[in-house]
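FYI, the numbering used here numbers position 146 of the sequence shown as 177, with every residue one higher than the one before it.
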Amino acid sequence: MAQTRAFFHSRVDSWLIAIGPLAGLTAITAVAGVVGPFVLNSGGSPPILALVAAIVALTLLLLPLWLVLDTNYTLTADELLIRSGPFRWRIALGDMREVSPSNSWISSPALSLDRLRIRYGADRSILVSPREKQRFIDALRQCCPSVLVTGF
32 MAQTRAFFHS
42 RVDSWLIAIG
52 PLAGLTAITA
62 VAGVVGPFVL
72 NSGGSPPILA
82 LVAAIVALTL
92 LLLPLWLVLD
102 TNYTLTADEL
112 LIRSGPFRWR
122 IALGDMREVS
132 PSNSWISSPA
142 LSLDRLRIRY
152 GADRSILVSP
162 REKQRFIDAL
172 RQCCPSVLVT
182 GF
């Protein structure tokens, strides 16, 4: 095999970019609405609740950004490595059974609805959305000729 490692960024749908800031602002507003009255009625003492609320609000803002900036897929000679923010998956190429197109909304490390369903192991599957879908399929066929590729 000439190529032992192929890297692919996730495709990102524009609607996801559009709703991301709105979701973050909504989350911060919700945290402020719940915690605000406790902080205001604390009598001036430095409340630990305000610190916890700030950490929660910051996490709610940064996690989606991390997911958008760091969702990618790497094909090696032995496995598919999937990375999405703090989440990681390793799928042995020998366990892969089928790859097919999907438009499922189910939560997955795919930032677009133009997805591929990868079936592997005993009744397991994961959805990915490589920006260069055909190059991904070609690289997968090269690394794992036994996988059934349907719908292309």
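Virtual Cβ for every residue (Gly too), placed ideally from N, Cα, C. These figures come from a predicted structure and were not determined experimentally.
- Bounds of any beta strand (DSSP E) do not take in residue 42, whose DSSP letter is neither H nor E.
- DSSP places residue 136 in the coil class of the three-state scheme, outside both helix and strand.
- With a cut-off of 8 Å on Cβ pairs, the segment 41 to 56 is in contact with the segment 86 to 99, counting three or more such pairs.
- For residue 124, there is no enclosing beta strand (DSSP E), as DSSP marks it with neither H nor E.
- The alpha-carbon of residue 87 is positioned some 36 Å away from that of residue 132.
- For the pair residue 114 and residue 129, the CB atoms are not nearer than the 7 Å cut-off.
- Under the 10 Å beta carbon count, residue 159 is surrounded by 16 or more other beta carbons and is classified as buried.
- Cβ neighbours of residue 41 within its own chain (closer than 8 Å, five residues either side excluded): 102, 103, 104, 115, 140, 141, 142, 143, 159, 160, 161 and 162.
- By alpha-carbon distance to residue 152, the top candidate from 175, 47, 122 and 134 is 122.
- For residue 166, the enclosing alpha helix (DSSP H) stretches over residues 164 to 174.
- If you check the CB distance, residue 174 and residue 124 come in under 7 Å.
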